[in-house]
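Just so you know, we're using the working numbering here: the sequence shown kicks off at 1068 and counts up by one. Every residue, glycine too, gets a C-beta built ideally from N, C-alpha and C. Just so we're clear, the structure is a prediction, and the values are computed from it rather than from any experiment.
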Amino acid sequence: STDDWFQSIPESVFEDINNFVSNNDIKRRVGMGASMGGYGAIAFSKQFQFDLVLAYSPQYRIDQDFDPRWSKNAEDINWKYPIDIDTASKTCNFFIIYDSKNLDGEQFSRLQKVILPEKLNAKAIPYSGHCSSIYLHQTGYLKEVSLQIVNHGNLRSLNLKLNRSVLLAQNAPTIGAVDQRHRTSNT
């Protein structure tokens, strides 16, 4: 597979998936993803008629100067499915969890302009890094946060202020390896 932010998906796939969901009496449609997967969940929220999207550190755009992290990837992508005011669902509830102290915060600020304010629920986790789901996994909160949002449609107050430096000191070899693998895969 290629990191093309889902731009190579044939349009017929959307109809096939929507027909499958309709024919199998699926009552609730949830889109979930992290990083590029978060982009996909938001970008296709209207086409898939999602009721809820849970996106960890999603991108709004990777082909603009404000965030150069994926600029090499963006050069080779033919953009068919952007996130914009027309592609973001007006009926879906969006939950976005991101690091407000890195470029993910810039991505989020642009997403705020295309998602209806009454449909947007956000949780900033400063200094969690990209992707915030890795931080939540490392701190043991990923499953709890994800299930709370998907099952109950809210993010009740959680104590997510665990000092990352303490966590890193306790688990330095493991976390460093995970962070390094993730960074390498995004460069």
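| query | Under three-state DSSP, which class holds N1091? | reply | As a working mapping, residue 1091 is identified with position 24 in the sequence shown. Looking at N1091 - three-state DSSP - the assignment turns out to be coil, as it is neither helix nor strand.
| query | What residues in its chain sit with their C-beta under 8 Å from that of K1157, if we drop five residues either side in the sequence? | reply | Taking the sequence shown and counting its residues from 1, one reaches residue 1157 at position 90. Excluding sequence neighbours, K1157 sits near K1113, L1183 and K1186.
| field | Inter-residue spacing [alpha-carbon to alpha-carbon] between N1218 and C1198 | value | Reading the sequence shown from its first residue, position 151 is the one you call residue 1218. Reading the sequence shown from its first residue, position 131 is the one you call residue 1198. Roughly 22 Å separates the two Cα atoms.
| Segment limits, beta strand (DSSP E) that includes V1097 | Stepping through the sequence shown from its first residue, residue 1097 is reached at position 30. Here the beta strand (DSSP E) through V1097 covers V1097 to A1101.
| task | Tell me I1163's beta-bridge partners as DSSP assigns them. | result | Numbered from its first residue, the sequence shown carries residue 1163 at position 96. Within the DSSP secondary-structure output, I1163 pairs in a beta bridge with A1122 and A1189.
| query | From L1178 to Y1127, what does the alpha carbon distance come to, in whole angstroms? | reply | Mapped onto the sequence shown, residue 1178 falls at position 111. Mapped onto the sequence shown, residue 1127 falls at position 60. About 6 Å.
| field | Cut-off 8 Å between Cβ atoms - residues of its own chain near N1160, not counting five sequence neighbours on either side | value | Translated into the one-based positions of the sequence shown, residue 1160 becomes position 93. So the list reads D1118, L1119, V1120, K1186, N1188 and G1220, once near-sequence residues are dropped.
| request: Ignore the nearest five residues each way along the sequence and tell me which others in F1087's own chain have a CB closer than 7 Å to its CB. | output: Translated into positions along the sequence shown, residue 1087 becomes position 20. Cβ neighbours of F1087 beyond the five flanking positions: none.
| message | On the criterion of 16 or more Cβ atoms from any shown chain inside 10 Å, does S1138 qualify as buried, or is it exposed? | response | In the sequence shown, counting from the first residue as 1, residue 1138 sits at position 71. Exposed: under 16 other Cβ atoms inside 10 Å.
| said: Looking only at its chain, what residues have a beta carbon closer than 6 Å to the beta carbon of S1195, apart from the 5 residues adjacent to it on each side? | reply: Along the sequence shown, read from residue 1 onward, the residue named residue 1195 stands at position 128. Excluding sequence neighbours, S1195 sits near D1166 and Y1202.
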